[in-house]
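Undergrad: Taken in order, the first sequence gives residues 0 to 460; the numbers are from numbering that gives the first Met the number 0. Backbone N, C-alpha and C define an ideal beta-carbon position, used for all residues, glycine too. None of the values given here were measured: they were computed from a predicted structure. One structure, pasted below without further comment.
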Amino acid sequence: MVVTRFAPSPTGYLHIGGLRTALLSYLWARRNNGKFLLRIEDTDFSRNDEAAALAIVEAFKWVGLEHDGVIEYQSSRLAIYQEYAQKLLDEGKAYKCYMSKEELEALREEQTARKERAKYDNRYRDFTGEAPEGREAVIRIKAPLEGSITVHDGVKGDVVFNVADILDDFIIARSDGTPTYNFVVAVDDALMGVTDVIRGDDHLSNTPKQIVVYNALGFPIPRFFHVPMIHNHEGKKLSKRDGATDVMMYKTLGYTPEALLNFLVRLGWSHGDQEIFSMTEMLELFDPSDINRSASVYNVEKLDWLNSHYIKNTPNEKLCELLEFHGVVLISHDKREIILDAIKERAKTLVEMAALITEMLTRPEVFDEAALKKGYKEESKAILESFAEALKNASELHLPSDYHHVMEEVVGKLEIGFGKIGQPLRIALMGKLSGPGLDSVMAIIGVDETLARIDALLAHQ
RNA sequence: GGCCCCAUCAUCUAAUGGUUAGGAUUCCAGAUUUUCAUUCUGGCCAUACGAGUUCGAAUCUCGUUGGGGUCACCA
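Structure representation (structure tokens):
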């Protein structure tokens with residue numbers, strides 16, 4: 000049984016980097032028919048945020064990740080941590096330390112001045128006397144004093160830490176009785192049966208401390224996979240300043256969950272030359288031991304490419320649903336198939352798609368000056384008039400091909416090239432020289448609207 | 001600064017110690033398209049540096065340099 004978990008601290012939204020580790024954890028759990036748990040790390044009450052968990056669940060829902068079981072909140076598990084802290088106290092594996100924050104601070108300053116590593120000096124490690132008057136104690140765990148701790152990491156390999164370099168008797172419970180991160184993470188992962196910890200490699204240096212806790216409590220140590228960070232263009236850890244880091248922003252920006260997930264899974268992981276991965280394929284192929292060791296730079300261009308790929312390959316019915324979020328309702332539009340077919344090949348995002356559709360469906364208010372200069376010539380007026388006349392005489396105009404025939408007819412009769420009619424007609428229909436195929440546009444807006452737009456241009460000139 | 005991690009095109013990445021170092025994105029060019037976009041074809045661009053091991057190194061070892069992470073009564 001493989002059990003993985005995603006354990007964010009409540010920051011108010013799901014971060015793009017968080018989504019990646021969540022995705023990888025999810026994939027690995029599902030691939031093994033295991034469980035993927037969600038736990039909110041809210042032991043620091045000063046920055047607790049109720050809405051934060053909801054935001055994460057909302058984002059999960061959007062991308063289609065589903066966690067198993069109930070959401071565990073560490074803030075509601077305080078009794079459990081106290082119990083285990085007490086257990087360590089009883090067994091002599093932890094002890095109360097009465098040093099004040101000020102004393103600690105002073106010690107640190109002294110050590111730093113001597114260019115030593117700032118660490119607790121173990122002054123209460125073997126203390127047996129009476130508790131000093133009026134002091135609230137913290138609980139410190141007895142960490143090994145020498146030797147080394149090796150993290151067997153599925154991504155980085157064996158990482159050896161020298162105890163003397165990194166460890167001291169770190170605090171597992173604050174003076175107000177609340178537990179600290181490295182303690183609760185280990186306790187919870189053990190109690191919840193987590194077998195595979197997949198998380199960002201910024202946690203690698205915390206891992207020895209957690210191993211100390213596992214060992215003290217006699218819990219089995221899980222497999223660790225420390226996934227490299229996602230960097231921004233400056234090569235630094237991705238932060239809020241780097242634009243869209245909130246997963247739900249991607250929905251607003253018109254990205255599909257499939258594209259986002261596909262993009263994220265390919266950051267630091269690959270399967271030969273394959274670029275496109277459906278959820279089914281990810282589930283079949285993903286293995287955390289294939290994760291790369293080096294950080295990767297977050298690069299939106301590839302996301303855009305993936306997104307346009309997924310838009311092109313999404314059935315119209317589905318696109319229709321997605322577009323509603325962006326303010327375009329086509330569900331009852333009788334030409335919606337033609338609209339979607341004409342637009343889906345030319346948009347990188349759903350937002351672009353929505354804009355393109357709205358633009359096409361709306362009669363142009365202005366005609367682009369540069370376009371007129373380039374595409375509206377002396378003979379254009381007569382050509383457009385002939386075309387309008389042909390349209391009026393035609394019957395049964397429904398499909399793009401019907402309109403195409405009319406255009407062919409006019410072009411043949413006047414003995415001109417397609418460009419002679421295409422350019423002015425495009426200006427009439429779109430107000431500019433770019434856009435979807437003219438036959439599609441006309442089929443979508445219909446004969447009357449086409450004639451109206453031609454008239455509007457002729458009146459304008 | 002201590003400790004830890006990392007190093008292949010601009011970016012994401014591939015390469016049982018033996019490949020003209022491959023693919024993808026971006027960019028550029030051409031073809032297709034009445035336009036733009038799509039699509040197709042082609043092109044540019046990389047093993048950080050220095051030693052060592054080896055018949056042979058992107059790959060193994062050491063060093064250098066560079067980058068990142070982490071060092072709380074935060075998580």
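Does the segment 251–264 come within contact of the segment 215–226, defined as at least 3 CB pairs closer than 8 Å?
TA: Verdict: no, contact absent.
Undergrad: Please list, in chain order, all residues of the same chain as S8 whose beta carbon is under 6 Å from its beta carbon, the five residues on each side excluded.
TA: Only E40 meet the Cβ criterion.
Undergrad: Mind reading off the beta-carbon distance from A346 to L432? Whole number of angstroms is fine, and I expect it under 8 Å.
TA: That belief does not hold up - the Cβ atoms of A346 and L432 are roughly 18 Å apart, past 8 Å.
Undergrad: If you draw a straight line from the C-alpha of A215 to the C-alpha of G176, how long is it?
TA: Distance between the alpha carbons of A215 and G176: 19 Å.
Undergrad: Could you tell me the boundaries of the alpha helix (DSSP H) in which N306 lies?
TA: Start and end: V299 to K311.
Undergrad: Does DSSP classify F182 as helix, strand or coil?
TA: Here F182 sits in helix by DSSP.
Undergrad: Can you give me the Cβ contacts of I148 inside the same chain, cut-off strictly under 8 Å, excluding the 5 residues immediately before and after it?
TA: V159, F160, V162, L166, P207, I210 and V211, listed in sequence order.
Undergrad: If you check the beta carbons only, do E306 and Y254 fall under 8 Å apart?
TA: The sequence given here has Asn at residue 306, not Glu. Contact: yes.
Undergrad: What would DSSP say about I275, mapped onto helix, strand or coil?
TA: DSSP places I275 in coil when its eight states are reduced to three.
Undergrad: If you draw a straight line from the C-alpha of D241 to the C-alpha of D303, how long is it?
TA: The alpha-carbon atoms of D241 and D303 are separated by roughly 17 Å.
Undergrad: I need the straight-line Cα distance from E49 to H151, nearest angstrom please.
TA: Distance between the alpha carbons of E49 and H151 is about 35 Å.
Undergrad: In three-state terms, what does DSSP make of H202?
TA: Helix, per DSSP.
Undergrad: Beta carbon of L103, beta carbon of V62: below 8 Å?
TA: Their beta carbons are not under 8 Å apart, which means L103 does not touch V62 by this criterion.
Undergrad: Quick check on N291: does DSSP put it in helix, strand or coil?
TA: If DSSP states are grouped into helix, strand and coil, N291 belongs with coil.
Undergrad: Which two residues bound the contiguous alpha helix (DSSP H) that contains Y249?
TA: Run containing Y249: V246 to T251, per the alpha helix (DSSP H) assignment.
Undergrad: Report the three-state DSSP secondary structure of H230 (helix, strand or coil).
TA: Three-state DSSP puts H230 in a strand.
Undergrad: Excluding sequence positions up to five away, which residues of its chain have a Cβ less than 7 Å from the Cβ of L322?
TA: Here the set comprises L329, L349, M352 and A353.
Undergrad: Please determine if the segment 270–278 and the segment 326–343 are in contact, where contact requires at least 3 C-beta pairs separated by less than 8 Å.
TA: No: fewer than three Cβ pairs fall under 8 Å.
Undergrad: Where do the ends of the alpha helix (DSSP H) carrying D89 lie?
TA: Where D89 is concerned, the enclosing alpha helix (DSSP H) stretches over L77 to D89.
Undergrad: For Y12, name the three-state secondary structure that DSSP assigns.
TA: In the structure shown, Y12 sits in coil (DSSP, three-state: anything other than H, G, I, E or B).
Undergrad: Specify, as a first and last residue, the run of the alpha helix (DSSP H) that S379 falls within.
TA: Unbroken alpha helix (DSSP H) run through S379: S379 to N392.
Undergrad: Is it true that the segment 360–368 meets the segment 416–431, where meeting means three or more beta-carbon pairs spaced less than 8 Å apart?
TA: As far as the Cβ criterion goes, the segment 360–368 touches the segment 416–431, which means the pair count is three or higher.
Undergrad: Counting C-beta neighbours from all protein chains within 10 Å, is the total for Q85 16 or more, i.e. buried, or is it exposed?
TA: Result: exposed.
Undergrad: Note down, in chain order, each residue of its chain lying with its Cβ closer than 6 Å to the Cβ of Q73, except the 5 sequence neighbours on either side.
TA: Answer for Q73: E40, D41, T42 and V183, listed in chain order.
Undergrad: Where does the unbroken alpha helix (DSSP H) through I148 begin, and where does it stop?
TA: No alpha helix (DSSP H) contains I148, which is instead part of the beta strand (DSSP E) from S147 to D152.
Undergrad: By DSSP, does L36 sit in helix, in strand, or in coil?
TA: Here L36 sits in strand by DSSP.
Undergrad: Given a cut-off of 8 Å on the beta-carbon distance, is the pair V193 and P219 in contact?
TA: Taking 8 Å as the Cβ cut-off, V193 and P219 do not qualify as a contacting pair.
Undergrad: Thinking just about the alpha-carbon of each residue, which of D168, V196, N315 and K391 is nearest to the one in E145?
TA: The option with the nearest alpha carbon to E145 is D168.
Undergrad: Between which two residues does the alpha helix (DSSP H) containing T242 stretch?
TA: The displayed chain sequence assigns Gly, not Thr, to residue 242. Segment: none, G242 is in no alpha helix (DSSP H) and carries neither H nor E.
Undergrad: Which residues in the same chain have their Cβ closer than 6 Å to the Cβ of D438, if we skip the five residues on either side of it in sequence?
TA: Within the same chain, D438 has close Cβ partners P399, Y402 and H403.
Undergrad: For L318 and G153, I'd like the C-alpha separation in whole angstroms.
TA: Rounded to whole angstroms, L318 to G153 spans 40 Å at the Cα level.
Undergrad: Using a Cβ-Cβ cut-off of 6 Å (strictly less than) and excluding sequence neighbours within five positions of A189, which residues of its own chain qualify?
TA: The residues are F218.
Undergrad: Residues in its own chain within less than 7 Å of L64 by CB, not counting five upstream and five downstream?
TA: Answer for L64: A21, L22 and Y25, listed in chain order.
Undergrad: Using DSSP's beta-bridge definition, name the partner residues of N161.
TA: The partner list for N161 (beta bridge, DSSP) reads S147.
Undergrad: When we look at the beta-carbon of L383 and count the other beta-carbons within 10 Å, is it buried (16 or more) or exposed?
TA: Answer is buried; the Cβ neighbour count reaches 16.
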